[in-house]
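Residue numbers (my numbering): 12 to 441. Note that the Cβ used here is the ideal one computed from N, Cα and C, for glycine as well.
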Amino acid sequence: MPDTYEETIVDVEELEKKLAEGYSSVEAWIRKHAERVCFPIYSSVDLRDAGFKISAIDANIFPAGFNNLCDSFLDKGAKLLRECVLATYGNVERILIYPESHTRNKYYLQNLCMLQSMVERAGFAVLIGTMDPKFRDDITELDASSGKKVRIHKLAAENRRLHSEDFDPDLILINNDFSDGRPSGLVGLEQPVTPPPEMGWYLRSKWEHFQIYDSLIREFAEILEVDPWLLSPLTDFASDVDFKDGRGIERVASSVDVLLERVAAKYREYGIDRKPLAFIKDDAGTYGMGIVVVDSGEEALNLNRSQRNKMSRGKSGSGIRAVVVQECIPTADYFNGHPGEPVVYMIADQVLGGFFRYSENKSETESLNAPGTQFAKLCLAEGDDIDEVLACYHGHCSFALYYTIARISCLAMGQEMKRRELCPPAIVGK
Numbered sequence: 012m013p014d015t016y017e018e019t020i021v022d023v024e025e026l027e028k029k030l031a032e033g034y035s036s037v038e039a040w041i042r043k044h045a046e047r048v049c050f051p052i053y054s055s056v057d058l059r060d061a062g063f064k065i066s067a068i069d070a071n072i073f074p075a076g077f078n079n080l081c082d083s084f085l086d087k088g089a090k091l092l093r094e095c096v097l098a099t100y101g102n103v104e105r106i107l108i109y110p111e112s113h114t115r116n117k118y119y120l121q122n123l124c125m126l127q128s129m130v131e132r133a134g135f136a137v138l139i140g141t142m143d144p145k146f147r148d149d150i151t152e153l154d155a156s157s158g159k160k161v162r163i164h165k166l167a168a169e170n171r172r173l174h175s176e177d178f179d180p181d182l183i184l185i186n187n188d189f190s191d192g193r194p195s196g197l198v199g200l201e202q203p204v205t206p207p208p209e210m211g212w213y214l215r216s217k218w219e220h221f222q223i224y225d226s227l228i229r230e231f232a233e234i235l236e237v238d239p240w241l242l243s244p245l246t247d248f249a250s251d252v253d254f255k256d257g258r259g260i261e262r263v264a265s266s267v268d269v270l271l272e273r274v275a276a277k278y279r280e281y282g283i284d285r286k287p288l289a290f291i292k293d294d295a296g297t298y299g300m301g302i303v304v305v306d307s308g309e310e311a312l313n314l315n316r317s318q319r320n321k322m323s324r325g326k327s328g329s330g331i332r333a334v335v336v337q338e339c340i341p342t343a344d345y346f347n348g349h350p351g352e353p354v355v356y357m358i359a360d361q362v363l364g365g366f367f368r369y370s371e372n373k374s375e376t377e378s379l380n381a382p383g384t385q386f387a388k389l390c391l392a393e394g395d396d397i398d399e400v401l402a403c404y405h406g407h408c409s410f411a412l413y414y415t416i417a418r419i420s421c422l423a424m425g426q427e428m429k430r431r432e433l434c435p436p437a438i439v440g441k
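What follows is the structure, given as structure tokens:
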């Protein structure tokens with residue numbers, strides 16, 4: 012990578028032009044990396060477009076939110092899902108969806124409805140079931156946000172197989188990020204389980220993901236002949252921390268100061284007139300929990316009680332013991348006057364579609380994955396129903412960049428799986 016570039020790029024539209032010019036080389040590079048890894052059966056990638064840079068800011072291997080996708084994506088998703096399942100697992104007829112335990116979250120339940128519908132459209136018999144002891148009845152019926160009933164079946168593990176009373180699945184599809192650990196009943200099954208529970212947040216690390224992502228972005232940026240900083244957030248890591256009792260917070264604060272100076276240097280280099288900020292994120296954070304934004308190490312040292320509590324516990328009450336310190340990329344995307352960000356969904360290494368997340372009570376520098384978030388669909392398929400199109404966000408969307416960056420983030424997730432030797436047997440050795 013050269014130390015200087017032929018032209019200073021501080022405009023995402025210029026990055027789009029660079030991508031178009033180097034399309035063939037980029038596709039060949041992605042294919043080369045794709046041959047070396049396996050991919051989660053599905054995933055989602057959160058993006059931030061600041062106008063002067065664009066990057067992935069989170070990557071999820073057990074995505075909820077299928078209810079926020081256009082219905083027109085379901086047929087595409089069904090086709091991609093069927094191709095992926097049959098190519099990877101062979102003769103599969105029955106699929107079990109293993110969900111989270113969000114019985115009060117009607118929108119999560121609507122996500123299950125949409126996921127179940129996509130699996131059915133793919134030509135598989137499908138059932139939703141769990142071993143969670145909170146589900147005591149053989150079948151628990153719950154109302155999704157649309158009013159549709161979601162039937163969750165109680166499961167049993169027997170003879171190394173997970174099943175309900177009258178449904179013995181060939182494949183178990185996980186829609187639970189296992190922040191608090193993997194259920195013992197999912198260990199040692201002869202049925203394939205995907206995505207691997209070992210990729211749950213009880214083991215997975217944002218720091219590891221962004222290290223891999225950044226190394227891939229450096230190669231990608233070299234093809235485009237641009238500064239990799241324009242496509243990746245500066246990120247650091249601190250372990251052995253406890254925000255409740257103050258352990259390790261000095262190291263976090265020091266990391267914040269060093270990172271902010273690095274961001275400030277980049278702002279000066281590109282003539283960007285704004286104050287740099289940093290996110291402190293739970294290294295195993297999910298559902299927008301365990302995240303604060305600060306403008307200095309001193310602010311990190313002096314978080315108020317509410318902020319310290321927020322940084323003490325993650326999803327399911329799991330303790331936060333490691334954090335990433337990451338450059339805050341302010342969003343330049345707005346929907347109805349409110350800051351937003353695109354989210355891209357993948358089936359294996361193929362783009363399915365996406366939506367636009369926005370918030371009426373957050374600023375362009377805050378995390379938008381938070382209570383009160385709203386969603387605008389991104390309907391891109393030809394022949395979309397006019398009512399669906401009218402419900403969509405149609406601002407300036409850098410779709411080529413969105414999708415390429417999401418694919419690179421998916422490559423990083425694939426490398427995470429390969430490192431842990433979690434590839435399905437059918438594709439080990441790629």
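- Message: Taking the straight line between their C-alpha atoms, what separation do you get for Ile358 and Gly140?
- Response: Locating residue 358 in the sequence shown gives position 347, counting from the first residue. Locating residue 140 in the sequence shown gives position 129, counting from the first residue. When rounded, the distance between both Cα atoms is 22 Å.
- Task: Check whether the Cβ atoms of Ser329 and Ser156 lie closer than 9 Å to each other.
- Result: Within the sequence shown, the letter at position 318 stands for residue 329. Within the sequence shown, the letter at position 145 stands for residue 156. No, these two residues do not count as a Cβ contact at 9 Å.
- What is the DSSP secondary structure of Ile4, reduced to helix, strand or coil? Because the chain is modelled from 12 through 441, residue 4 falls outside the range shown and cannot be assessed.
- What are the start and end residues of the alpha helix (DSSP H) that includes Thr99? The residue you call residue 99 lines up with position 88 of the sequence shown. It spans Ser83 to Tyr100 - the alpha helix (DSSP H) in which Thr99 sits, taken as one unbroken run.
- CB-CB under 6 Å to Ala295, same chain, minus the five flanking residues each way: which ones, in chain order? If you number the sequence shown from 1, residue 295 lands on position 284. Taken in chain order, the residues that qualify are Trp212.
- Message: If contacts are defined as beta-carbon pairs under 8 Å, then Val56 and Cys421 qualify, I think. What distance do you get, rounded to the angstrom?
- Response: Counting from 1 along the sequence shown, the entry for residue 56 is found at position 45. Counting from 1 along the sequence shown, the entry for residue 421 is found at position 410. That pair is a contact at about 7 Å.
- State buried or exposed for Ser374, treating a residue as buried only when at least 16 other CB atoms are found within 10 Å of its CB. For the purposes of this step, residue 374 is taken as residue 363 along the sequence shown, with counting starting at 1. By the neighbour-count rule (16 or more Cβ atoms within 10 Å), Ser374 is not buried but exposed.
- Item | Exposure of Asn78, with buried meaning 16 or more beta-carbon neighbours within 10 Å | Translated into positions along the sequence shown, residue 78 becomes position 67. Result: buried.
- Where are the beta strand (DSSP E) runs, 3 residues long or more, that stay fully inside the region 289-365, in chain order? 289-293, 302-305, 333-338 and 349-358
- From Ala210 to Lys145, what distance separates their C-alpha atoms? Taking the sequence shown and counting its residues from 1, the one referred to as residue 210 is at position 199. Taking the sequence shown and counting its residues from 1, the one referred to as residue 145 is at position 134. The displayed chain sequence assigns Met, not Ala, to residue 210. Each residue's alpha carbon lies about 24 Å from the other.
- Message: Assuming the contact rule is C-beta atoms closer than 8 Å, Pro287 and Leu271 should be a hit. Round their C-beta distance to whole Å, please.
- Response: As a working note, residue 287 is residue 276 in the sequence shown. As a working note, residue 271 is residue 260 in the sequence shown. At roughly 5 Å, the Cβ-Cβ gap stays under 8 Å, so Pro287 and Leu271 are in contact.
- Task: Work out the CA separation of Ala167 and His174 for me, nearest whole Å.
- Result: As a first step, residue 174 must be located in the sequence shown, where it is residue number 163. As a first step, residue 167 must be located in the sequence shown, where it is residue number 156. So the alpha carbons of these two residues sit roughly 6 Å apart.
- Task: Under 8 Å Cβ to Cβ from Asp22, same chain only, skipping five residues before and after it: list those, please.
- Result: For the purposes of this step, residue 22 is taken as residue 11 along the sequence shown, with counting starting at 1. Only Gly62 and Phe63 meet the Cβ criterion.
- Message: I'd like to check one pair, Phe254 with Leu184: are the Cβ atoms closer than 9 Å?
- Response: Counting from one through the sequence shown, the residue named residue 184 turns up at place 173. Counting from one through the sequence shown, the residue named residue 254 turns up at place 243. No. Outside cutoff.
- Item | At least three beta-carbon pairs within less than 8 Å, the region 315-326 to the region 295-306 | yes
- Message: One question on the structure: do Val161 and Leu107 come within less than 9 Å of each other, judged by their Cβ atoms?
- Response: On the sequence shown, position 150 is the one that residue 161 refers to. On the sequence shown, position 96 is the one that residue 107 refers to. Cβ atoms of Val161 and Leu107: not closer than 9 Å.
- Message: Ala70 and Glu111 - do their beta-carbons sit closer together than 9 Å?
- Response: Against the sequence shown, residue 111 aligns to sequence position 100. Against the sequence shown, residue 70 aligns to sequence position 59. Cβ atoms of Glu111 and Ala70: not closer than 9 Å.
- Query: What's the C-alpha gap between His113 and Asp148?
  - Reply: Along the sequence shown, read from residue 1 onward, the residue named residue 113 stands at position 102. Along the sequence shown, read from residue 1 onward, the residue named residue 148 stands at position 137. Straight-line Cα distance between these residues: approximately 16 Å.
- Message: Tell me the rounded alpha-carbon separation between Pro382 and Gly351.
- Response: On the sequence shown, residue 382 is found 371 positions in, with the first residue counted as 1. On the sequence shown, residue 351 is found 340 positions in, with the first residue counted as 1. When rounded, the distance between both Cα atoms is 14 Å.
- Segment limits, beta strand (DSSP E) that includes Ser54: What you label residue 54 is simply residue 43 of the sequence shown in a count that begins at 1. Looking at the DSSP string, the run of the beta strand (DSSP E) that includes Ser54 is Tyr53 to Asp60.
- Which of helix, strand or coil does DSSP assign to Ile106? As a first step, residue 106 is located in the sequence shown; it is residue number 95 there, counting from the start. In this structure, Ile106 counts as strand in the three-state DSSP scheme.
- Put Glu32 into one of helix, strand or coil per three-state DSSP. If you number the sequence shown from 1, residue 32 lands on position 21. The answer is helix: DSSP assigns Glu32 an H, G or I state.
- Any idea what DSSP makes of Asn78, helix, strand or coil? Taking the sequence shown and counting its residues from 1, the one referred to as residue 78 is at position 67. Residue state, collapsed to three classes: helix.
- What three-state label does DSSP hand Arg162 in the structure shown? What you label residue 162 is simply residue 151 of the sequence shown in a count that begins at 1. Three-state DSSP puts Arg162 in a strand.
- Classification of Pro436 by the beta-carbon crowding that lies within 10 angstroms, buried from 16 upward: Translated into positions along the sequence shown, residue 436 becomes position 425. Looking at its Cβ environment, which holds fewer than 16 other Cβ atoms inside 10 Å, Pro436 is exposed.
- Message: Assuming contact is defined by CB atoms lying nearer than 9 Å, are Val334 and Phe221 in contact in what I supplied?
- Response: As a position in the sequence shown, residue 334 is number 323, starting the count at 1. As a position in the sequence shown, residue 221 is number 210, starting the count at 1. It is not a contact, given that the beta carbons lie outside the stated cut-off.
- Task: Within the same chain, show all residues whose beta-carbon is closer than 6 Å to that of Ser409, passing over the 5 residues directly before and after it, in chain order.
- Result: By 1-based counting over the sequence shown, the position of residue 409 is 398. Excluding residues within five positions, the ones whose Cβ falls inside 6 Å are Val23 and Glu27.
- Query: Skipping 5 residues on each side, what residues in its chain have a beta carbon closer than 6 Å to that of Asn380?
  - Reply: Locating residue 380 in the sequence shown gives position 369, where the first residue counts as 1. Excluding positions up to five away in sequence, the list reads Gly299.
- Message: So, at 7 Å on beta carbons, what are the nonlocal neighbours of Arg430 in its own chain, with the 5 sequence-adjacent residues on each side left out?
- Response: One-based indexing of the sequence shown puts residue 430 at position 419. The answer is none, since no qualifying residue turns up.
- Along the beta strand (DSSP E) that carries Gln385, what are the first and last residues, could you check? Translated into positions along the sequence shown, residue 385 becomes position 374. Counting along the chain, the beta strand (DSSP E) containing Gln385 begins and ends at Gln385 to Leu389.
- Sort Leu245, Arg258, Ser250 and Gly257 by Cα distance to Asp268 and report the nearest one. Locating residue 268 in the sequence shown gives position 257, counting from the first residue. The option with the nearest alpha carbon to Asp268 is Leu245.
- Message: Can you check which of these residues, Ile150, Val137 and Arg215, is closest to Leu126 by C-alpha distance?
- Response: Residue 126 sits at position 115 when you count from the first residue of the sequence shown. Closest by alpha carbon: Val137.
- Query: Do you know offhand how far Ala411's Cα is from Ala417's?
  - Reply: If you number the sequence shown from 1, residue 411 lands on position 400. If you number the sequence shown from 1, residue 417 lands on position 406. Spanning the two alpha carbons is a distance of roughly 10 Å.
- Query: How would you call Ile150, buried or exposed, if buried means at least 16 neighbouring beta carbons within 10 angstroms?
  - Reply: Reading the sequence shown from its first residue, position 139 is the one you call residue 150. Ile150 comes out exposed.
- Using the rule of at least 16 other Cβ atoms within 10 Å of the residue's Cβ for burial, across every protein chain shown, is Val198 buried or exposed? Here residue 198 corresponds to residue number 187 of the sequence shown, with the count starting at 1. Counting Cβ neighbours within 10 Å, Val198 comes out exposed, since fewer than 16 surround it.
- Near Phe178, what residues of its chain come up, given a Cβ to Cβ distance below 6 Å and the 5 sequence neighbours on each side ignored? Translated into positions along the sequence shown, residue 178 becomes position 167. Closer than 6 Å at the Cβ level, and outside the excluded window around Phe178, lie Leu138.
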